[in-house]
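Working notes, structure below.
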Amino acid sequence: MAKQVRRVKPPSLYAGAPYAYASVARQKALVFTAGACPLDASGRTVAPGDVASQARRAVRNLFIALKSAGSSPALVLKTTVYVASPRRSDLVTAWKEIRAAFRGADPPSTLLGVAALGYPDQLVEIEAVATVSAA
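Count the sequence shown with the working numbering and you get residues 7 to 141, in order.
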């Protein structure tokens, strides 16, 4: 029996992450991503202290994982966005950057303020559930 789940680890993303960047459920044609973090290719958090820049990098990394899994921003079914801040203004800043990156696709989303995220200086993380391209 063929493997039911394919784990996706794009070579252009940080290779030292202890998780796959996305999973493809072969039977249901769904993609479940890990939380996309604002990391560069060497695993360093970009733009410490800058919510907007980190949101842009995290969503860029998410889009790379989606493409590598056979999906795209237009096929995202739902996102969850985490912002390590008690300030609503930081959540709004992150949301504006992420929403702009989706260019009107507007998938359902949950936006959360959290106490901390996993990497040093990390302020933003985004995960998604998507379908795969029919092609």
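Don't be surprised by glycine CBs; every beta carbon is placed ideally from N, CA and C. In this text the structure is predicted, and so the values were computed from the model without any measurement.
Give a yes or no on whether the C-beta atoms belonging to A75 and V30 are separated by under 8 Å. yes
Closest by CA to V138, which one among D112, I104, L36? L36
What is the DSSP secondary structure of M7, reduced to helix, strand or coil? Model confidence at M7 stands at a pLDDT of 37, short of 50, so the residue's coordinates are unreliable; what they give is reported in the following sentence. DSSP places M7 in coil when its eight states are reduced to three.
Quick check: the Cα distance between L81 and K15, rounded to an integer number of angstroms? 19 Å
Which runs of the beta strand (DSSP E) at least 3 residues long sit entirely within the segment 14-71? Give them in chain order. 28-31, 36-39
Count Cβ pairs between the segment 40-47 and the segment 117-133 that sit closer than 8 Å; are there 3 or more? yes
Any idea if Y25 is buried or exposed, counting beta-carbon neighbours within 10 angstroms, 16 or more meaning buried? exposed
Excluding the 5 residues preceding and the 5 following G22 in the sequence, name in chain order all residues of the same chain whose CB lies nearer than 7 Å to its CB. G49
Can you tell me whether S115 is helix, strand or coil according to DSSP? strand
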